[in-house]
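Residues 61 to 384 in this note's numbering are what the sequence shown spells out, letter by letter.
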Amino acid sequence: MKKTVLAFSRITPPMIERLQQDFEVIVPDPKKGDLAAQFDEALPHAHGLIGAGRKLGREQLAAATRLQAVSSVSVGYDNYDVAYFNERGLLLTNTPDVLTESTADLGFALIMSSARRVAELDAWTKAGQWKASVAAPQFGSDVHGKTLGIIGMGNIGAAIARRGRLGFNMPVLYSGNSRKPALEQELGAQFRSLEQLLAEADFVVLVVPLSDKTRHLISHRELSLMKPGAFLINIARGPVVDEAALVQALRNGTIRGAGLDVYEQEPLAQSPLFQLPNAVTLPHIGSATTQTREAMAERAMDNLTAALRGERPRDLVNPQAFKG
Ligand code: 8YV
61 MKKTVLAFSR ITPPMIERLQ QDFEVIVPDP KKGDLAAQFD EALPHAHGLI
111 GAGRKLGREQ LAAATRLQAV SSVSVGYDNY DVAYFNERGL LLTNTPDVLT
161 ESTADLGFAL IMSSARRVAE LDAWTKAGQW KASVAAPQFG SDVHGKTLGI
211 IGMGNIGAAI ARRGRLGFNM PVLYSGNSRK PALEQELGAQ FRSLEQLLAE
261 ADFVVLVVPL SDKTRHLISH RELSLMKPGA FLINIARGPV VDEAALVQAL
311 RNGTIRGAGL DVYEQEPLAQ SPLFQLPNAV TLPHIGSATT QTREAMAERA
361 MDNLTAALRG ERPRDLVNPQ AFKG
């Protein structure tokens, strides 16, 4: 008998088709009524879950008595209670590598857009404000040659650092848990304490995973250490930044601007950030290109298929739970 896979977020028709070759697939459908009720009803039957953007832990999975594996269509796995997964022997997988370059592209788009005021001046032009040659009130800040500070030099951080160093001649600073000698060699990147990096960088880019250690890593004190002309870019997770402190810093000129892809609450329907011209606000699109989302879907399906066949999945987050 085929095992059952339940999707916990929207998955594409090609994904459904591929999964159906091996599994019974249940995808809650808004046309059939309440999504949460459909999910709750299917949960006790599921051997595998696949999706993204949903908190899953003890409370949410109590009824999932047949569950063996959860395949997240994301690299970040802060939504999952890994200790609980280990306790139950549930496998958790993610999708590293395939989104590195697209997410780095987006990080750089935010650097460019906030420094050169791309979104703001696009709206200004379309509003018919362009009546004479632009002057100082529309001027932006240079990107090339400025100092790039990466907080969390993992794969995505390194991909942004390469863009900055090789494409824009930017000196690269980084902070984090460990030194990266290969990147120091390759890019001339220099290690700094968090405080030093904040004081020196013109663009501070957050690429750390969310954990108890990184929650509100950037708050009033850290923002006050940044240069008044500097920009904060967050493509990591919203709660890494104390958003109220950021709003204050953007309002009173503690820093020049921010480029944000992630927020403390998502989706973000209302926010004081929307009133701030020096905040670029994107709807969590780091990996959202057609090619990358397809690659993530493939990787997530490979992981789930392996896990439900009793094989060790390629991207196993919690090897402790694998009894292979
Ligand atoms: C998406 C991400 O937000 O992979 C991650 O960790 O943040 C993004 O790719 C996520 O996959 C939700 O669709």
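Backbone N, C-alpha and C define an ideal beta-carbon position, used for all residues, glycine too.
Counting along the chain, no alpha helix (DSSP H) covers S347, and no H or E run does either. For G217, the enclosing alpha helix (DSSP H) starts and ends at 215-222.
Inclusion of N338 and L320 in the CB contact set at 8 Å is not warranted, their separation being larger than that value. Boundaries of the alpha helix (DSSP H) harbouring Y144: 142-148, taken from the DSSP string. The set of residues whose C-beta lies within less than 6 Å of a heavy atom of the ligand 8YV reads, in chain order, A112, G113, V133, S134, V135, G136, L159, H344, G346, S347. Here T153 is actually not in contact with A124; their C-beta atoms are around 16 Å apart, not less than 8 Å. L283 is a Cβ neighbour of I315, given a cutoff of 8 Å.
Approximately 17 Å separates the beta-carbon atoms of L243 and V264; this is outside 8 Å, ruling out the contact. Ranked by Cα distance from E119, the first of I110, F145, E161, G111 is F145. In this structure, D362 places its C-beta atom within 8 Å of the C-beta atom of R374. The beta carbons of I295 and V322 sit about 7 Å from each other, so the pair counts as a contact at 8 Å. For M230, the closest alpha carbon among the candidates Q250, N215, S238 is that of Q250. Membership of E84 in any alpha helix (DSSP H) is not indicated; the residue belongs instead to the beta strand (DSSP E) covering 83-86. Rounded to the nearest angstrom, the gap between the Cα atoms of G317 and L170 is 11 Å. Taken through DSSP and simplified to helix, strand or coil, K63 comes out as strand.
A straight line joining the alpha-carbon of H344 with that of Q189 spans about 29 Å. Judged by DSSP secondary structure, S284 falls within the alpha helix (DSSP H) whose first and last residues are 280-285. For the set V142, M286, D138, V135, the Cα lying nearest the Cα of T207 is the one of M286. Ranking R359, I211, E147, A143 by CA distance to the CA of Y234 puts I211 first.
For S238, there is no enclosing beta strand (DSSP E), since its DSSP letter is neither H nor E. DSSP places V178 outside any beta strand (DSSP E); the residue lies instead in the alpha helix (DSSP H), whose first and last residues are 178-186. A367 is positioned such that its CB atom lies closer than 8 Å to that of G108.
Runs of the alpha helix (DSSP H) lying entirely within the region 97-177, each at least 4 residues long, are 118-121, 142-148, 160-175 in chain order.
In this structure, D100 is the residue among D100, G113, V340 with its C-alpha nearest to the C-alpha of A122.
A348 and P288 have their C-alpha atoms some 32 Å from each other.
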